[in-house]
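To start, the structure itself, in structure tokens.
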Amino acid sequence: MSVAEEVKSSWADEVEEVEGGSLPPPVEKSDGNSKTITEYSFNEEGKKIKIISHYKIEKHRVARQIAKRKTWIKYGLSKNDKPGPNPATTITAEDVFMHFLSNKEEEQIDQEDLKKKLLDQQKGQVKCRLCKEDHWTKQCPYKHKLEPLRTSLYGEEKVEDEPQQGTPGVPPADKTKYVPPSMRDGASKKGESMMSARGRDETATVRVTNLSENTREQDLQELFRPFGDISRIFLAKDKNTGQSKGFAFINFKKREHAAIAIQFLNGFGYDHLILSVEWAKPSGTQ
Amino acid sequence: MKPIMLHGHERSITQIKFNREGDLLFSASKDPKPNVWYSINGERLGTFDGHSGTVWSLDVKWDTSLFVTGSADQTMRIWDVETGVSLECLEQKTSVRGVSFSYSGTMIAYTTDKMMGQNSELIIIDVREPNDIDGTPIMRTQVTPNNSKALSVLWGPLDEFVVTGHEDGSVIKWDMRTGKIMEIGQEHTKQIKDMQLSHDGMMLITASKDTTARLWDITDLEALKQYKTDRPVNSAAITPLVDKYPHVVMGGGQEAMDVTTTSSKIGKFDARFFHLVFEEEFARVKGHFGPINSICFHPNGRGYASGGEDGYIRVHVFDDSYYQFRFDF
Chain D
1300 MSVAEEVKSS WADEVEEVEG GSLPPPVEKS DGNSKTITEY SFNEEGKKIK
1350 IISHYKIEKH RVARQIAKRK TWIKYGLSKN DKPGPNPATT ITAEDVFMHF
1400 LSNKEEEQID QEDLKKKLLD QQKGQVKCRL CKEDHWTKQC PYKHKLEPLR
1450 TSLYGEEKVE DEPQQGTPGV PPADKTKYVP PSMRDGASKK GESMMSARGR
1500 DETATVRVTN LSENTREQDL QELFRPFGDI SRIFLAKDKN TGQSKGFAFI
1550 NFKKREHAAI AIQFLNGFGY DHLILSVEWA KPSGTQ
Chain F
2 MKPIMLHGHE RSITQIKFNR EGDLLFSASK DPKPNVWYSI NGERLGTFDG
52 HSGTVWSLDV KWDTSLFVTG SADQTMRIWD VETGVSLECL EQKTSVRGVS
102 FSYSGTMIAY TTDKMMGQNS ELIIIDVREP NDIDGTPIMR TQVTPNNSKA
152 LSVLWGPLDE FVVTGHEDGS VIKWDMRTGK IMEIGQEHTK QIKDMQLSHD
202 GMMLITASKD TTARLWDITD LEALKQYKTD RPVNSAAITP LVDKYPHVVM
252 GGGQEAMDVT TTSSKIGKFD ARFFHLVFEE EFARVKGHFG PINSICFHPN
302 GRGYASGGED GYIRVHVFDD SYYQFRFDF
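What follows is the structure, encoded as structure tokens:
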């Protein structure tokens, strides 16, 4: 019989049984003004766990009533608690920091200043068709006065500095005629295809990286609009959350506008991050 | 700061309060057992077992001998703090909403809810003999239907009058002897969620659902300051060190009913510190994952505690950065 028993219980089981059956007694170590308690117990799965608690002992001089209150016996649900905080009800939370706001506001102001400066440098870029000042025609303060005057003087004339409005070589009279889509303004004469569209765009495309998560297309629009006409903004977004992945492509209509944008915005602090703006690599190399 | 998290309640916290010295922190929640904690290390001294409903409010006598709670089980209980024994259970016709010890500790003012055909009332009782409280009001006055339901109640200086906060946002000062209205402060547009006195008892701060908190002169209910936020304010407190650090702290967040439908990122559950005079926010502390329902400064002004809809109480001790911060103006 004894032989059979020996066969049943392997060496490993025996060790586990011996250890599992009795727990080592809790060890308490006091060292000056710190105390370490090592306890052993079983968790729900029956596995043995070791709990090491570190306590810092502080001495406070307090009023007599407070000292007296400290000696009160616990009651209610805490009746059976040992002296000292019960880890079931008292938890030391993670460090939190007081977030002061004034610095942030200053930063924002700084950023706005910088933005304003940038815009000031770009002043020549924008010109009103009506009063020739540096704002958009749409926002012209004299719009209501000048617009009718202008139309009465010149007629409904297309503005010459918008090349996409009229293809040179096609007389205005032809506008009434049917023009196939491939021949229309903005289309490359080869015929529309994905590759060709991309190829054309990439000459004036910039890649923006290190954007913050909260960036939206609208923000990019605001940021890049002052440098020139934008034909497309592609902001990479997470499919599930819809948050920005941190990079975007901006297709300008003119390559020189894109160059200016890179010159000014590369290294520009935007939403607490420093933007990196560079020429987009052609999609073929990716 | 390394806050201590106290998790003794099963449901959302309704009110927390330090005793006069600040060594004990009392907390009440929507579960029926108020707790008391040592504020220094977060050790729980005990729970007060006896109520059978939400405990709406609590107050502690100046010498920390008595503790009073008002509950939705239509009772008000007076407890012995040392033993946790309920000394008295005063049955009311409706639930008790706000309770407050007078400064001297000889009287308790409380307000009752308007429900089941009963009017909301403001009642004052005498508690000079803690072992023999009969609950006969020494002053009793109807709040409704002339005014809207009274929620929180506070005592004015020298125990001469009481101030109540109402469901429609009004703040009313009542003559303690006659039960007549002395003054009405009508500045808030929505429910008053909490009222707290300044350390010297001369100013009052009200937190309202209308997303603002206001500072009042308690003697004539003159509205002094307004602190604007973008969320309902559930609680506001004035620091006891108001001369050196003129700050108020406000806790709030979106309504509890909206919490589950929005992400915690936009919940705005942080405690917000405002400059008392300039009405400008200067700091925030994150931590809770539900709106803060009750917030109060430690009586020594070196820390604060907040209790939230998440059922946790967080006890903070300020870092040096709080004292070094200078408000530039």
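Going line by line, the protein sequences match chains D and F. According to the numbering used here, the residues represented by the first sequence are 1300 to 1585, in order. According to the numbering used here, the residues represented by the second sequence are 2 to 330, in order. Glycine included, C-beta positions come from ideal geometry on N, C-alpha and C.
- Message: Buried or exposed for Q187(F), going by 16 or more other Cβ atoms inside 10 Å?
- Response: exposed
Taking buried to mean at least 16 other C-beta atoms within 10 Å of its own C-beta, is V97(F) buried or exposed? buried
- Message: Could you check whether S13(F) and N294(F) sit closer than 8 Å to each other, using their CB atoms as the reference points?
- Response: yes
Against chain D, does Y323(F) count as a neighbour if the rule is that its beta carbon must be under 8 Å from one of theirs?
yes
Item to complete: Indicate whether V316(F) and G302(F) have their beta-carbon atoms separated by less than 8 Å.
Response: no
*Would you list the one or two residues that DSSP bridges to H337(F)?*
Outside the modelled stretch of chain F, which goes from 2 to 330, sits residue 337(F), for which no answer is possible.
Short of 6 Å in beta carbon distance, which residues of its chain neighbour H1556(D), apart from the five on each side in sequence? Order them along the chain.
F1526, G1527
In three-state DSSP terms, what is Q227(F)? strand
What three-state label does DSSP hand Q187(F) in the structure shown?
DSSP places Q187(F) within a strand segment (E or B) once states are collapsed to three.
Legend entry - Where S149(F) sits in the DSSP three-state scheme: coil
* In its own chain, which residues sit with a C-beta less than 7 Å from the C-beta of E92(F), not counting the 5 before and 5 after it? -> Hits under 7 Å: Q75, T76.
**Asked** Can you give the Cα-Cα distance for H200(F) and H299(F), rounded to whole angstroms?
**Response** 11 Å
Delimiting residues of the alpha helix (DSSP H) encompassing F1563(D): 1554 to 1564
Can you tell which of G1331(D), S1329(D), I1351(D), V1478(D) has the C-alpha that lies nearest to the C-alpha of Y1339(D)?
Of G1331(D), S1329(D), I1351(D), V1478(D), the residue nearest in Cα terms is I1351(D).
- Taking all protein chains shown into account, decide if F1396(D) is buried (16 or more other Cβ within 10 angstroms of its Cβ) or exposed. Under the 10 Å beta carbon count, F1396(D) is surrounded by fewer than 16 other beta carbons and is classified as exposed.
Q. Nearest CA to the CA of A1503(D): which residue from T1514(D), A1558(D), R1483(D), L1510(D)?
A. The shortest C-alpha separation from A1503(D) is found at A1558(D).
Have a look at L67(F) and N132(F) and give me their C-alpha separation to the nearest angstrom. 11 Å
Would you please state the rounded distance, in angstroms, between the beta carbons of M140(F) and E161(F)? I believe it to be under 8 Å.
Contact doesn't hold; Cβ gap of about 12 Å is too wide.
- Taking the C-alpha atoms as reference points, what is the distance between K147(F) and P1440(D)? The sequence given here places Asn at residue 147(F); Lys does not occur at that position. C-alpha separation (whole angstroms): 56 Å.
Rounded to whole angstroms, what is the Cα-Cα separation between R1554(D) and F1399(D)? 43 Å
query: Which residue from T65(F), V318(F), L216(F) puts its Cα closest to that of M251(F)?
result: Of the listed residues, the one whose Cα sits closest to M251(F) is L216(F).
Within-8 Å CB hit, H1398(D) to chain F: Under the 8 Å criterion on CB atoms, H1398(D) is classed as interfacial with respect to chain F.
At least one CB of chain F closer than 8 Å to the CB of G1545(D): is that the case?
no
Coil, strand or helix - T76(F) by DSSP = strand
Note to self: Whole angstroms are fine: how far does the CA of A237(F) sit from the CA of D281(F)?
What the structure shows: The residue you asked about is not Asp; residue 281(F) is Glu in the sequence shown. Roughly 14 Å separates the two Cα atoms.
| said: For a cutoff of 8 Å on Cβ pairs, would you count Q1542(D) as touching chain F? | reply: no
When DSSP labels each residue in this structure, what does G1498(D) get in the three-state scheme? Bear in mind that a pLDDT of 48 at G1498(D), under 50, signals an unreliable position, so the number given afterwards is only what the model happens to contain. If DSSP states are grouped into helix, strand and coil, G1498(D) belongs with the helices.
Are any of the Cβ atoms in chain F nearer than 8 Å to that of I1590(D)? Here chain D covers residues 1300 to 1585 and nothing more, so residue 1590(D) does not appear.
Chain D contact residues for D50(F), given Cβ-Cβ distances below 7 Å: In chain order: G1375.
Extent of the continuous alpha helix (DSSP H) run through I1365(D) | 1363 to 1369
Within the same chain, show all residues whose beta-carbon is closer than 6 Å to that of F1548(D), passing over the 5 residues directly before and after it, in chain order. Result list for F1548(D): T1504, R1506, F1533, A1579, in chain order.
**Study point:** Option in F274(F), S171(F), F102(F) with minimal Cα separation from I126(F)
**Key:** Answer by Cα proximity: F102(F).
Work out the CA separation of L205(F) and G1566(D) for me, nearest whole Å.
-> G1566(D) and L205(F) have their C-alpha atoms spaced approximately 50 Å apart.
Is M1397(D) helix, strand or coil by DSSP? Coil, per DSSP.
Note to self: I'd like to confirm the pairing. Which residues does DSSP put opposite T1508(D) in its beta bridges?
What the structure shows: DSSP, once it has assigned bridges, lists F1546(D), S1575(D) as partnering T1508(D).
DSSP state of Y1441(D) mapped onto helix, strand, coil = Reduced to three states, the DSSP call for Y1441(D) is coil.
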